[in-house]
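So in our numbering, the last spot in the sequence shown is 703, and the numbers never skip.
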Amino acid sequence: MNEKTISLHTPHPEIYSHLLNQTSDVAMVLFVENDTSFRFTFINDRAVELFGWQCEEICGMLLNEVWPGDTLDIILNRCVKALTNQNSLLFQETICLAQNIVAGRMSFSPLFNKENKCNHILIVIQDIKKQITQSNHLELEYSFFEAFFSQSVDPISLWNVKGDLLKVNPAFEKVFGWGKEEFKRYITLQASGFVPADKKEEAIDFFQQMLQGKTVSHYQTQRQHKDGRLLDVAITYLPIKNKEGKVTAGAISFYDISETKKLERELREIKEQLELVWENTADAIDVFTLEGRLLHINPAFTSLFGWTKEDTKGEKPAIIFTPPHLKKELQQMRGQLRRGQSIVGLETLRQKKDGRMLEVLATYNPLKNESGEVWAVIGVYKDISKLKQVQAELRDSEERYRLIAEHSYDMIKVIDSNGIITYASPSHQKILGFKPDELIGKRLFDTIHKKDVEQIKQQFAVSSIEKRVCQIQFRQYLKNGSWIWVEVTVTPLCSKEGYVQHYTVAARDITQKKQDEEELRNYASFDSLTGLYNRRIFTELIDKAIIDSRSSGRTFAVMYMDIDKFKTINDSHGHEIGDELLKQFAKRLKAATRKSDVLARMGGDEFTIILSDICSFKEVIEAAERIQQKLRFPYWIQGHTFSATSSSGIAFYPDHGEDMQTLLRHADRALYKAKENRNMYCLYK
Numbered sequence: 019m020n021e022k023t024i025s026l027h028t029p030h031p032e033i034y035s036h037l038l039n040q041t042s043d044v045a046m047v048l049f050v051e052n053d054t055s056f057r058f059t060f061i062n063d064r065a066v067e068l069f070g071w072q073c074e075e076i077c078g079m080l081l082n083e084v085w086p087g088d089t090l091d092i093i094l095n096r097c098v099k100a101l102t103n104q105n106s107l108l109f110q111e112t113i114c115l116a117q118n119i120v121a122g123r124m125s126f127s128p129l130f131n132k133e134n135k136c137n138h139i140l141i142v143i144q145d146i147k148k149q150i151t152q153s154n155h156l157e158l159e160y161s162f163f164e165a166f167f168s169q170s171v172d173p174i175s176l177w178n179v180k181g182d183l184l185k186v187n188p189a190f191e192k193v194f195g196w197g198k199e200e201f202k203r204y205i206t207l208q209a210s211g212f213v214p215a216d217k218k219e220e221a222i223d224f225f226q227q228m229l230q231g232k233t234v235s236h237y238q239t240q241r242q243h244k245d246g247r248l249l250d251v252a253i254t255y256l257p258i259k260n261k262e263g264k265v266t267a268g269a270i271s272f273y274d275i276s277e278t279k280k281l282e283r284e285l286r287e288i289k290e291q292l293e294l295v296w297e298n299t300a301d302a303i304d305v306f307t308l309e310g311r312l313l314h315i316n317p318a319f320t321s322l323f324g325w326t327k328e329d330t331k332g333e334k335p336a337i338i339f340t341p342p343h344l345k346k347e348l349q350q351m352r353g354q355l356r357r358g359q360s361i362v363g364l365e366t367l368r369q370k371k372d373g374r375m376l377e378v379l380a381t382y383n384p385l386k387n388e389s390g391e392v393w394a395v396i397g398v399y400k401d402i403s404k405l406k407q408v409q410a411e412l413r414d415s416e417e418r419y420r421l422i423a424e425h426s427y428d429m430i431k432v433i434d435s436n437g438i439i440t441y442a443s444p445s446h447q448k449i450l451g452f453k454p455d456e457l458i459g460k461r462l463f464d465t466i467h468k469k470d471v472e473q474i475k476q477q478f479a480v481s482s483i484e485k486r487v488c489q490i491q492f493r494q495y496l497k498n499g500s501w502i503w504v505e506v507t508v509t510p511l512c513s514k515e516g517y518v519q520h521y522t523v524a525a526r527d528i529t530q531k532k533q534d535e536e537e538l539r540n541y542a543s544f545d546s547l548t549g550l551y552n553r554r555i556f557t558e559l560i561d562k563a564i565i566d567s568r569s570s571g572r573t574f575a576v577m578y579m580d581i582d583k584f585k586t587i588n589d590s591h592g593h594e595i596g597d598e599l600l601k602q603f604a605k606r607l608k609a610a611t612r613k614s615d616v617l618a619r620m621g622g623d624e625f626t627i628i629l630s631d632i633c634s635f636k637e638v639i640e641a642a643e644r645i646q647q648k649l650r651f652p653y654w655i656q657g658h659t660f661s662a663t664s665s666s667g668i669a670f671y672p673d674h675g676e677d678m679q680t681l682l683r684h685a686d687r688a689l690y691k692a693k694e695n696r697n698m699y700c701l702y703k
């Protein structure tokens, strides 16, 4: 920082000067001349580097005299808004500010003098073009540094030369769970559980190096979350010096790389799995260039065709096993692959090393570089010679095929290329109610549920074009007008010239399987007694509500509630009456809430509600009173009358918590407070 440009009236200006110019983000301070006019008073080294400005030239000039014209209105309007609201504004968006600067995160913070008058605006800009994530400022008494330090997305801790902890920022506690007061119980940070036992020696060594004036950047190690989890982090130890170069303090910043490390481990596992597949798959695979040079073949390729790696070395053509009479096909393939198009399910011939021809089903996929250019092709081959032999036998022996179809429990149909049924097996009458003669001459699509027809037509078109077998699930009409679910295998049968003459369609009833799947989904998502969401789904929905609220800027409330004296009723009258009370209680909750609200049974007599799209506390209070009123009426169950009221605790997002665990904990505390008097609701304070 240029100290001639901005004067820092703080106990240790050299600390702040050093830190502000260590940050990777752009930082600048504007003097508030009037409601719409702002002058530069300070820019840090990062701003000088990115914008090409000089402190001496810029400071003292008006914002609209300096800022690039395309985004001037955006920056000016946000400065005015921060000044008017007297609050910091944070914007998560991607904006191109200049030719080489792309902002991903910008904050506008009003700074106040001793008379509590806003006289400066602090602007912090995160340049995401170089993926810079650290934006570290110390949270000290002056509002300039308080705004910068508290808004950093990376955890930061500040230490004096004696090894005493001075400060941790909010991000530190959010990422690690440790707060400043908890560290004060220990003599040093290294003595706390924050540093794993096997990492303490290195932590002490780096801390001493920092105090000796050495910067340790992005050292990868591990630190322990308060809950015991080990987090992978990149740590920077930054010595803070005064004008004389003496170390007066130290700042330690952390960057959570747990997700990156997890991805690296997953990539290693995927690579190992791919290598395992490459070596052990039954499909023959080769990788070759469009110029004809073979790069790789797997063991199955050698097993199927006889060609070895030695046979394919050097400049020999990759398609050495392509028969000469298919030269035209080869040229068409290369043209299609060169354009980046895949070739799927190509039935063709390939020549084995011993000269014999083999019928294969080939698939070719182009491999592209970062520029989108095709640099190689991966080919996969299946031996379909036996399959083709079977198809030929079926074509030549229709009577044999018909005999199989007549005695099959599956519903077997033959349809022509226009979709007309030409044969239907006897099993149709037993399953669908249609006699075979009633189906012959009809269009297949007329027997399919109207909502499934378009999807099935598309599948048939793909099967016809690619001449391959496909499996489909759809709803099939019965003669009485109802329908069942069927799983169908469609096989196109072609003439010797390669034209699709007809299809065989084999279907089986999977209605019970579908019902079982639906029951399993409901069992996994809903409470079986009340029909409300269960705890697992509720936690997923509240996480989704948090994500939606962050993007939309709207808030919501969480209501945690239970039935007063439920245990007494349950113990006195039995579980049957207790269960019925829970059902009626849930029914009343549904009647008292909006369709957009989310209701769940957490277990026992505990229920939760997400009150979505809330505009004010008043709106939540009105909803809580409406629910309380609905629940105050007595219950009539099996000849008994029960006065079972309810108590509720309410927490707001983000005022009472920015994550699911915190919101539920605070709502539960409010419920505990409401239970002191019962039959009431209580807001978390």
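Cβ atoms here follow ideal geometry from the backbone N, Cα and C, with glycine treated the same way. These figures come from a predicted structure and were not determined experimentally.
When DSSP states are grouped into helix, strand and coil, Glu694 belongs to the coil group.
Counting every other CB atom within 10 Å of its CB across the protein chains shown gives Val408 a total below 16, marking it as exposed. Apart from the 5 residues on each side of it in sequence, Thr340 sits with its Cβ closer than 6 Å to the Cβ of Leu348 in its chain, given in chain order. The Cβ atoms of Ser665 and Met577 do not sit closer than 8 Å to each other. Taking the Cα positions, Gly211 is about 58 Å away from Arg357.
Thr548 is classed as buried because its beta carbon has at least 16 other beta carbons within 10 Å across all chains shown. Scanning its chain for C-beta atoms nearer than 6 Å, with the 5 sequence neighbours on each side dropped, one finds around Arg696 the residues Asp582, Ser665, in chain order. Excluding sequence positions up to five before and after Ala575, its CB lies within less than 6 Å of the CB of Leu629, Ile632, Val638, Ile668, Phe670, all in the same chain and listed in chain order. Cβ contact annotation for Ile275 (same chain, cutoff 8 Å, sequence separation greater than five): Gln238, Asp250, Val251, Ala252, in chain order. Taking a C-beta distance under 8 Å as the contact criterion, Glu694 and Ile655 do not qualify as a contact pair. A distance below 7 Å between beta-carbons, with the five flanking residues on each side excluded, links Thr507 to the following residues of its chain, in chain order: Val487, Gln489, Ala524. Residues of the same chain with their beta carbon placed closer than 7 Å to that of Glu594 are lacking, with the five preceding and five following residues left out of the count. Between the region 264 to 279 and the region 290 to 300 there are fewer than three C-beta pairs closer than 8 Å, too few to call the two in contact. Of all alpha-carbon atoms in Ile438, Gln144, Ser543, Glu74, the one lying nearest the alpha-carbon of Ala45 is that of Gln144. His138 has Phe49, Leu129 as its beta-bridge partners, per DSSP.
Annotation: the continuous beta strand (DSSP E) that includes Asn383 extends over 375 to 386. The beta-bridge partner set that DSSP reports for Ser666 consists of Met579, Tyr699.
In this structure, Phe463 lies near Val471, with their beta-carbon atoms less than 8 Å apart.
For the pair of segments examined, the region 645 to 659 was found not to touch the region 670 to 683: the number of CB pairs separated by less than 8 Å stays below three.
In the DSSP annotation of this structure, the continuous segment of the alpha helix (DSSP H) that includes Leu599 starts and ends at 593 to 610. Excluding five sequence positions before and after Leu355, the CB atoms of its chain that fall closer than 8 Å to its own CB belong to Leu308, Ile361, Tyr382, Pro384, Val392, Val395, given in chain order.
Inclusion of Leu48 and Ile139 in the CB contact set at 8 Å is warranted, their separation being smaller than that value. Relative to Asp561, the option among Phe452, Ile528, Gln679, Lys608 whose CA is nearest is Gln679. Boundaries of the beta strand (DSSP E) harbouring Asn178: 174 to 178, taken from the DSSP string. A direct Cα-to-Cα measurement between Arg241 and Asp223 gives close to 16 Å. Of the candidates Lys448, Pro454, Leu450, the residue whose Cα lies closest to the Cα of Val432 is Pro454. As computed with DSSP, Cys488 is found in a beta bridge with Val508. For Gln350, the enclosing alpha helix (DSSP H) covers residues 345 to 356. Within the DSSP secondary-structure output, Pro257 pairs in a beta bridge with Gly268. Between the beta-carbon of Val504 and that of Asp534 there is about 16 Å, and that puts the pair past the 8 Å contact cut. Per DSSP, the continuous beta strand (DSSP E) segment holding Phe58 begins and ends at 55 to 61. Secondary-structure assignment with DSSP links Glu365 through a beta bridge to Leu379.
If you ignore the 5 residues before and after His467, its C-beta comes within less than 8 Å of the C-beta of Phe492, Arg493, Gln494, Tyr495, Trp501, all in its own chain and listed in chain order. Using a Cβ-Cβ distance cut-off of 8 Å, the region 50 to 57 and the region 78 to 89 are in contact, since at least three pairs of beta carbons, one from each stretch, lie closer than that value. Under the 10 Å beta carbon count, Cys97 is surrounded by 16 or more other beta carbons and is classified as buried. Bridge pairing for Val616: Ile628 [DSSP].
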